[in-house]
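Numbering (this note's numbering), first residue to last: 10 to 316.
All C-beta atoms in this analysis are idealised placements derived from N, C-alpha and C, irrespective of residue type, glycine included.
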């Protein structure tokens with residue numbers, strides 16, 4: 010751990026804004042309040058927004074009684090309020106879609122979004138989400154898309170029984186509320202990456218939001234999905250690291266937030282780390298390993314199609 014601490018200090022010695030954020034969100038509770046005098050306020054707010062920490066960070070400073078300059082406090086409070094309002098709006102829409110799909114016998118799974126926020130943070134308004142991700146069975150995809158249209162949604166691409174399988178999802182925008190829904194029929198564009206079988210829908214877990222049981226992926230699969238999604242995007246947002254840490258609280262070999270920042274800061278290792286990550290997952294899930302390994306010989310093309 011000492012070597013990791015040395016590395017993180019080297020990486021962030023000229024980034025007091027990022028170091029302050031990491032320290033505040035760390036379980037160690039070792040926030041150096043003097044860092045505030047060294048950083049740029051605009052860069053600090055930019056990082057909060059970029060890493061999707063809108064309400065998570067605000068909650069952390071309140072719990073730790075961290076005192077910020079008044080102007081920063083006001084900005085963070087406004088960001089927090091806007092995020093909570095957006096998440097409440099998304100949650101209302103998720104429940105509306107849940108009821109409509111249930112009435113029309115559509116099995117679905119809620120990915121990320123308010124359900125994940127409720128599951129790992131205990132509050133559906135804490136985690137930042139910009140849209141709703143809904144996973145349905147391939148055979149229900151057309152029916153589910155037509156149901157969304159009845160709820161005033163319009164899709165961004167024309168699709169039919171042929172080209173719908175070229176994409177993992179289609180985007181639907183509500184003409185009234187402007188809420189974006191991504192309707193998935195698989196988790197990733199590469200169909201061999203975390204394939205979802207029909208029985209996974211029947212064995213899905215549930216998270217309760219406003220007394221409604223929202224179906225989510227089974228815990229182990231949900232963890233691998235979030236982990237793989239973050240890896241495919243080079244861990245570019247800190248909220249994904251926090252998600253993983255929340256899932257791994259009971260692990261003996263827990264990772265620290267600093268570990269993830271070091272990984273994401275080493276640009277030359279990004280592609281390699283994704284390859285190792287993919288190979289690691291092959292040990293526990295039903296992949297067609299040989300076909301994946303063949304694609305690793307053209308890694309840039311392959312990984313461009315992961316997400």
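Ends of the alpha helix (DSSP H) at residue i?
i	result
residue 32	25 to 34
residue 101	79 to 112
residue 233	228 to 241
residue 244	Unbroken run through residue 244: none, as it is neither H nor E.
residue 67	63 to 72
residue 53	50 to 59
Taking the alpha-carbon of residue i as reference, which of the options has the nearest alpha-carbon?
i	options	result
residue 203	64, 232, 113, 74	232
residue 32	85, 75, 113, 252	75
residue 79	111, 45, 59, 206	45
residue 70	123, 82, 61	82
residue 222	119, 50, 86	119
residue 181	121, 160, 205	160
residue 317	241, 187, 48, 206	Residue 317 lies beyond the stretch modelled for the chain, which goes from 10 to 316, so this question has no answer here.
residue 123	95, 249, 72	95
residue 187	65, 139, 199	139
residue 199	235, 241, 225	241
residue 162	184, 153, 121, 116	184
residue 255	179, 147, 178, 125	125
residue 251	64, 153, 201, 209	64
residue 212	116, 154, 153	116
residue 236	84, 149, 121	121
residue 156	53, 56, 112	112
residue 87	66, 41, 214	66
residue 72	48, 93, 189, 40	40
residue 149	91, 210, 129	210
residue 54	238, 77, 129	77
residue 201	105, 234, 68	234
residue 51	42, 24, 43	24
residue 47	89, 22, 90	22
residue 214	238, 127, 147, 85	127
What residue range does the beta strand (DSSP E) around residue i cover?
i	result
residue 191	189 to 193
Can you pull the DSSP bridge partners for residue i?
i	result
residue 118	144
residue 216	223
residue 162	183
residue 178	193
Original post:
Do the stretch 92 to 101 and the stretch 117 to 134 touch if we need at least three Cβ pairs shorter than 8 Å?
Top reply: yes
Original post:
Counting pairs of beta carbons, one from the stretch 23 to 39 and one from the stretch 203 to 218, are three or more of them closer than 8 Å?
Top reply: The stretch 23 to 39 vs the stretch 203 to 218: no contact.
Subject >> the stretch 191 to 202 touching the stretch 140 to 156, judged by at least three CB pairs closer than 8 Å >> reply: yes
Original post:
Counting pairs of beta carbons, one from the stretch 50 to 61 and one from the stretch 239 to 259, are three or more of them closer than 8 Å?
Top reply: They touch, by the three-pair rule.
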